[in-house]
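First comes the structure, then the notes that go with it.
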Amino acid sequence: MRTYFVKRAAQNAQSFRPAVFELAAFVGHLYGPALGLRLCRRMKIVDPEGHPIHLIPGLLRYMPWFLWAIVKSNLDVVRRIVHPRMPLSPRLIRVEASQKTHLGQVIYANSITLTPGTVSVETDEGIIDVHALTREAAEDVRSGGMDRRVTDMEGES
């Protein structure tokens, strides 16, 4: 009797196709995190500073512009390295950050640092000290384009 059940279990196991398990794993990986996130939001475990999921839609709009700014700055820095006669005029400037939250100011300061030719040196109460490699890079930071875009991204929360 016991061998009958063992043989029957082996036959049932072979009748399942691996594709069924793969499909179940795919669906589980797709819906599992979404369900977990929904439950966490409902239980108010997810907070805006620690888990800033509310920024995702704005971040998706900000990233293409930011990546293009990185490409343009990279090309400028490479040109200045390859052609040493191109002028460098390093300077330290102070810019205001118009973001409402500390997280928004951190995103703005990190965006400045990740853009070649500029580095955020210090931040303090909405003021960011920026070291720029050239006059043009300093003017670009002062123009406030990146500041406005980060503020827009933050404001859509």
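Taking the numbering used here, the leading residue of the sequence shown gets 1, the next gets one more, and so forth. Quick reminder that beta carbons are idealized off the backbone N, C-alpha and C, glycines included.
Item, Value
"Check the DSSP bridge columns for L92 and list the partner residues they point to.", "H131"
"Mapping DSSP to helix, strand and coil, what is E122?", "strand"
"With a cut-off of 8 Å, do at least 3 Cβ pairs link the stretch 121-131 to the stretch 59-77?", "no"
"Just checking my contact of R149 with W68 at CB under 8 Å: how many whole Å lie between their CB atoms?", "Rounded, the Cβ-Cβ distance is 11 Å, inconsistent with contact."
"Kindly indicate which residue of R91, L92 and V77 has the alpha-carbon position closest to the one of R85.", "V77"
"Exposed or buried, which one is E139 when buried takes at least 16 other CB atoms within 10 Å?", "exposed"
"Would a C-beta distance cut-off of 9 Å place G144 and A132 closer than the cut-off?", "no"
"Determine the burial state of Y108: buried for a count of at least 16 other Cβ atoms within 10 Å of its Cβ, exposed for fewer.", "buried"
"Straight-line CA distance for S157 to V82?", "Low confidence applies to S157: its pLDDT is 48, below 50, so where it sits in the model is not reliable, and the reading given next is rough at best. Between S157 and V82, the C-alpha separation is close to 43 Å."
"In its own chain, which residues sit with a C-beta less than 7 Å from the C-beta of Q105, not counting the 5 before and 5 after it?", "A97, Q99, T123 and G126"
"Determine the burial state of D152: buried for a count of at least 16 other Cβ atoms within 10 Å of its Cβ, exposed for fewer.", "exposed"
"Excluding the 5 residues flanking L88 on each side, which residues of the same chain have their C-beta closer than 7 Å to its C-beta?", "R80, L133 and T134"
"In this structure, how does DSSP classify S157 when only helix, strand and coil are distinguished?", "Summary for S157: the model assigns pLDDT 48, below 50, so the residue's position carries little reliability, and this model does not support an answer."
"Mapping the DSSP letters down to three states, classify H83 as helix, strand or coil.", "coil"
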